[in-house]
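Position one of the sequence shown corresponds to residue 1 (my numbering), numbered consecutively onward. No residue lacks a Cβ here, since even glycine has one placed at the ideal position from N, Cα and C.
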Amino acid sequence: MNNSLDRSRLELLLQQEEELFHKNHPKSYALYQRARKSLHGGVPMLWMIRWAGSFPVFVNEAKGAHFTDVDGNKYIDFCLGDTGAMTGHSPDATIHAIDEQIQKGITLMLPYEDVIWVGEELQRRFQLPYWQFALTATDANRFALRMARLIKQRPKVLVFNYCYHGSVDETFITLDEEGTPMARANNLGPQVDPLLTTKVIEFNDIAALETALSAQDVAAVLAEPVMTNIGIIHPDPGFHGALRELTRKYGTYLIIDATHTISAGPGGYTAAHRLQPDFLTVGKPLAGGVPAAVYGFTEEVSQQFAARLDADEADVGGIGGTLAGNALSIAAMKATLQNVLTDDFYQKAIALQECFTEGVEAVIKEFELPWIVKQLGNRSEYWFRPTSPRNGGEAFAAIDHELDRYMHLFALNRGILMTPFHNMALISPDTTQDDVDYHTKVFREAVQSLFQ
Ligand SMILES: Cc1ncc(COP(=O)(O)O)c(C=O)c1O
């Protein structure tokens with residue numbers, strides 16, 4: 001079996017897929033041309049220029065695990081809004097709650113009783129006593145970092161190499177090949193050099209963690225418990241124990257960002273593995289796709305924060321958001337937590353994700369590819385390297401943009417949407433066994449086209 005990648009063949013195949021994409025998406029292309037006259041880059045949000053085709057697919061309608069585009073093409077959606085629609089598109093229970101709430105007020109800067117139900121449910125799921133609301137996971141992280149710095153009176157935060165926590169200024173820092181920290185490539189217009197605000201080390205590197213924390217200038221470590229944005233990177237056995245022990249030893253808060261690792265179960269990886277963070281942040285799917293995020297913290301954090309907050313200036317302290325905690329998001333969050341992101345959903349979705357993973361694994365084995373597939377609950381991802389990376393640096397080194405683009409475009413042309421920027425797939429409550437089997441078939445065809 002020849003499993004080495006022929007680059008000129010890849011280039012040719014990519015060109016063919018691009019032609020097919022153009023042929024099958026004339027209306028999307030026409031809309032894109034029109035959009036370019038009013039939207040920067042022809043898209044409403046910068047990242048949408050990075051889809052595999054040379055223009056984005058315009059959506060007609062989405063429901064559950066599927067959507068159709070304006071050209072009438074049908075898709076199975078494994079991207080699911082990069083977790084924002086992990087609930088499936090427009091889940092019935094969430095829509096019903098939105099319909100009701102919309103008649104009763106959308107945003108007031110005053111609470112409705114339902115918000116208490118949500119707070120209590122978050123307590124139950126994530127085992128932290130106090131909660132606040134934001135509109136995006138980015139904001140939840142930013143606010144948790146501000147609280148941590150305020151309480152600890154320390155200037156720095158620590159993150160792991162090639163993490164992603166949203167557009168949080170302090171996190172755009174990486175290690176170069178010699179292990180020296182530097183601003184992340186393409187860090188757009190930073191307020192300050194992240195070297196001034198942040199320490200960065202590799203995931204799973206306990207010795208580096210101790211060295212970084214021992215200077216006692218780090219207010220908080222901000223971490224995903226399993227890295228998900230540079231491939232899925234699981235912690236080594238004992239890593240989380242050491243992370244918690246060392247953060248406590250050196251008086252540093254631990255902020256767990258559960259936005260993607262919520263895929264591990266109803267309380268995310270944190271509850272499943274009984275981690276004990278000082279803060280937990282999560283956003284994206286909580287309200288079925290309506291903007292909503294939360295951050296929770298311990299009794300100790302709550303007391304320390306209250307002691308330092310000047311209530312008369314609470315609105316201009318850098319933590320907030322006029323629409324945060326709005327009635328519509330809260331109603332959607334209550335309905336979604338109560339009816340969609342349930343124990344039953346996770347049980348079924350994780351079982352189906354195992355089928356997805358096994359399907360990809362079987363193809364990798366059949367073609368003897370030096371690739372791996374990793375799973376975290378209802379999330380799987382394949383990566384172009386033969387062994388599991390232990391950290392972001394190792395994972396980053398295996399990125400192959402051209403191959404990525406080909407795999408994505410091949411899938412898209414055959415009615416499958418994968419998460420852009422990496423080869424990630426999520427299972428929603430509406431994804432079926434047939435959807436998964438179809439992915440396995442298309443993935444095999446893509447591989448066959450490259451290595452036959
Ligand atoms: C782990 C993690 N945290 C936070 C965010 C930010 O989410 P949002 O863009 O909704 O603010 C992301 C986005 O991908 C993420 O992956």
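>> By DSSP's criteria, residue 181 is part of a beta bridge. Which residues make up the other side?
In response: Bridge partners of residue 181: 175.
> Can you list the beta strand (DSSP E) stretches of 3 or more residues lying completely in the segment 124-178, in chain order?
Replying inline: The segment 124-178 contains these whole beta strand (DSSP E) runs: 130-134, 156-160 and 173-175.
> Should residue 237 be labelled buried (16 or more other beta-carbon atoms within 10 Å of its own) or exposed?
Replying inline: By the 16-neighbour rule on beta-carbons within 10 angstroms, residue 237 is exposed.
> DSSP on residue 350, reduced to helix/strand/coil?
Replying inline: Residue 350: helix per DSSP, three-state reduction.
> Under 8 angstroms between the Cβ atoms of residue 145 and residue 220?
Replying inline: Yes. Within cutoff.
> Comparing the CB of residue 164 with every heavy atom of ligand 1, is any distance shorter than 7 angstroms?
Replying inline: Correct: residue 164 has its Cβ closer than 7 angstroms to ligand 1.
>> Here's the rule I'm using: 16 or more other beta-carbon atoms within 10 Å means buried, otherwise exposed. How should residue 69 be labelled?
In response: Sixteen is the threshold: when 16 or more other Cβ atoms of the shown chains lie within 10 Å of the Cβ of residue 69, as they do, the residue is buried.
> Excluding five sequence neighbours on each side, which residues of the same chain lie with their C-beta closer than 6 angstroms to the C-beta of residue 335?
Replying inline: If we look at residue 335 and ignore the five residues flanking it on each side, its Cβ neighbours are 93, 94 and 97.
>> Let me check understanding here. Comparing Cα to Cα, which of 127, 31 and 152 lies closest to residue 273?
In response: Per the Cα distances, 127.
> Does the pairing of the segment 198-217 with the segment 239-252 give three or more beta-carbon distances under 8 angstroms?
Replying inline: Yes, the segment 198-217 is in contact with the segment 239-252.
>> What residue range does the beta strand (DSSP E) around residue 60 cover?
In response: For residue 60, the enclosing beta strand (DSSP E) begins and ends at 59-63.
> What do you reckon, is the C-beta of residue 2 under 7 angstroms from a heavy atom of ligand 1?
Replying inline: Between ligand 1 and the CB of residue 2, the shortest heavy atom gap is not smaller than 7 angstroms.
> At what residue ranges does the segment 412-440 contain a whole run of the beta strand (DSSP E), taking only runs of 3 or more?
Replying inline: With a minimum length of 3 residues, the continuous beta strand (DSSP E) runs that stay inside the segment 412-440 are 423-426.
>> Can you give me the C-alpha to C-alpha distance between residue 229 and residue 202, rounded to a whole angstrom?
In response: Going by the C-alpha atoms only, they are around 14 angstroms apart.
> Would the beta-carbon of residue 133 fall within 8 angstroms of that of residue 324?
Replying inline: The Cβ-Cβ distance between residue 133 and residue 324 falls below 8 angstroms.
> For residue 283, is the beta carbon positioned less than 7 angstroms from some heavy atom of ligand 1?
Replying inline: Correct: residue 283 has its Cβ closer than 7 angstroms to ligand 1.
>> Can you check which of these residues, 82, 27 and 405, is closest to residue 285 by C-alpha distance?
In response: For residue 285, the closest alpha carbon among the candidates 82, 27 and 405 is that of 82.
>> Tell me the DSSP secondary structure of residue 3 in three-state form.
In response: Reduced to three states, the DSSP call for residue 3 is coil.
>> So for residue 319, helix, strand or coil by DSSP?
In response: Three-state DSSP puts residue 319 in coil, outside helix and strand.
>> Given this structure, state the Cα-to-Cα distance separating residue 140 from residue 394, to the nearest angstrom.
In response: Residue 140 and residue 394 have their C-alpha atoms roughly 28 angstroms apart.
> With contact counted as at least three CB pairs below 8 angstroms, one residue from each stretch, are the segment 352-363 and the segment 373-384 in contact?
Replying inline: A contact exists between the segment 352-363 and the segment 373-384.
> What whole-angstrom Cβ distance do residue 156 and residue 199 have, given they're in contact under 8 angstroms?
Replying inline: The C-beta separation of residue 156 from residue 199 comes to about 6 angstroms, placing the pair in contact by the 8 angstroms criterion.
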